[in-house]
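The structure appears right after this line, and notes come after that.
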Amino acid sequence: MFSVQWHPSHRGCQTTNRTISCLNYSCSDWQYNSMPDSRNQSCLMGAEDTVSLLACVFHAWEEWAGLGQVEDYLSVLEYLLWVFTPLAIVFIVPFLIVILLYLSILFLHVYKRKNQLREAYSNNLWDGARKTLATLWDGHGAIWHGYEIHGMEKIPDKGPALIVYYHGAIPIDYYYFLASVIIQKGRTCHSVADHFLFKIPGFKLLLEVFSVIHGPQEECVRALKNGHLLGISPGGVREALFSDETYPLLWGKRKGFAQVAIDSQVPVIPMFTQNVREGFRSLGTLRFFRWVYERFRLPVAPVYGGFPVKFRTFLGDPIPYDPNINAAELAEKVHQAVQFLIAQHQQTPGSILRALLERFHTKNKGQ
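The UniProt record's numbering numbers the first residue of the sequence shown as 1 and each following residue consecutively.
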């Protein structure tokens, strides 16, 4: 219980019949005690009217709650804002200008292909949409990763081929490759993706427009026999989550992709992108996330990165159809071909800093 006493010697109070009437007061005129004092009259007990009583209660509560210091805190906050706002502007404005410059470059990437886009939209609505998105992705790859692709001549202008690639934590390099195929070859490369992608809300249309399938062998064979290109990563989600900067191939005993190539009688083209693990990395190597995936088949391992490292995609020599080998033998040949590309073009263990520095010079391990 708090009592508030007024010193009669102070101005603004009148003593009448041992009752103190508070007229004009300030916070400095009050004394607050944690226990009642019988020698002084309590403002709460002796207030003559409701207004005086409420005023006394308010000031007592304000002192008890420490609200008198709020103004000091606000003053300090105002001072800090006054000091740091110019500094924030100094750093934020240049950053915004850089973003504006990159958006301008991206626009120019799209604009320089305006004739191709106009022709695509006049022929087929979805073809125009694909070329527009391909142009945007191609511009993003050029700006953010200095993306290069070596061996595009190995992709046939017509006819089917199976493209087998190493799967990064996020296969953004494969997106750039698809964009390059659309722009340079005028073809849409069909792709095989994990089932969980088809369960993500809103992805259905995107997957349909870019001819993504969930991977039954019969559907893959049908796409190849219809003359399409088909991209597949035998490591899939497991490789995305659990591979690391040493770039191991986590294919296990998978050979379904090889059987697809044999049944379709098409060549297999190995593919690998340098520094793809330095662009994005996964925490899937932690035991908990591996347990969750093995137990529930949920790819929930966090992915971090987005670093603007140098990306170079290398296409190996096509492995032609050979009726004299079985699926296991072909799978082993493809595995060795992709492993050779990694050994030839990727310094292991990968380094984010080194991959960033490669943006400023053209030398790579394979040169």
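Note that CB positions come from ideal geometry on N, CA and C, so glycine has one too.
query: Determine the burial state of SER243: buried for a count of at least 16 other Cβ atoms within 10 Å of its Cβ, exposed for fewer.; result: buried
query: LEU241 and GLY284 look like a contact to me (Cβ under 8 Å); what is the Cβ gap, rounded to whole Å?; result: 3 Å
query: HIS190 and residue 368 - do their beta-carbons sit closer together than 7 Å?; result: In the structure as shown, the chain begins at 1 and stops at 367. Residue 368 is therefore absent and cannot be evaluated.
query: Let's test the definition: count the other Cβ atoms within 10 Å of the Cβ of GLU119 and tell me whether it reaches 16, buried, or not, exposed.; result: exposed
query: Across which residues does DSSP place GLU329 in a beta bridge pair?; result: Beta-bridge pairing links GLU329 to no other residue.
query: With a threshold of 6 Å on Cβ separation, who are the neighbours of SER211 within its own chain once the five nearest residues in sequence on each side are excluded?; result: THR188 and HIS190
query: Note down the Cα distance separating ARG277 from ALA129, rounded to an integer number of angstroms.; result: 30 Å
query: What's the call for LYS158, buried or exposed, on a 16-neighbour Cβ count within 10 Å?; result: exposed
query: Secondary structure at GLN336, three-state DSSP: helix, strand or coil?; result: helix
query: Could you pull out every unbroken beta strand (DSSP E) segment of at least 3 residues lying fully inside the region 151–235, listed in chain order?; result: 161–165, 189–192 and 229–232
query: For the alpha helix (DSSP H) holding GLN259, just list the boundary residues, first then last.; result: 256–264
query: Kindly indicate the opening and closing residues of the alpha helix (DSSP H) around SER122.; result: 114–123
query: For a test of the three-state rule: what should DSSP assign to GLU148, helix, strand or coil?; result: strand
query: Given a cut-off of 7 Å, decide if GLN274 and GLN339 are closer than it, judged by their beta-carbon atoms.; result: no
query: In angstroms, rounded to a whole number, what distance separates the CA positions of PHE84 and LEU100?; result: 24 Å
query: With a threshold of 6 Å on Cβ separation, who are the neighbours of GLU219 within its own chain once the five nearest residues in sequence on each side are excluded?; result: ILE213
query: In three-state DSSP terms, what is ARG297?; result: coil
query: With a threshold of 16 other CB atoms inside 10 Å of the CB of residue 389, please say whether the residue is buried or exposed.; result: Only positions 1 to 367 of the chain appear in this structure, which leaves residue 389 out of reach.
query: Taking DSSP's pairing of strands, which residues face LEU315 in a bridge?; result: MET271
query: Among LYS199, ALA261 and ARG238, which has the Cα closest to the Cα of TYR321?; result: ALA261
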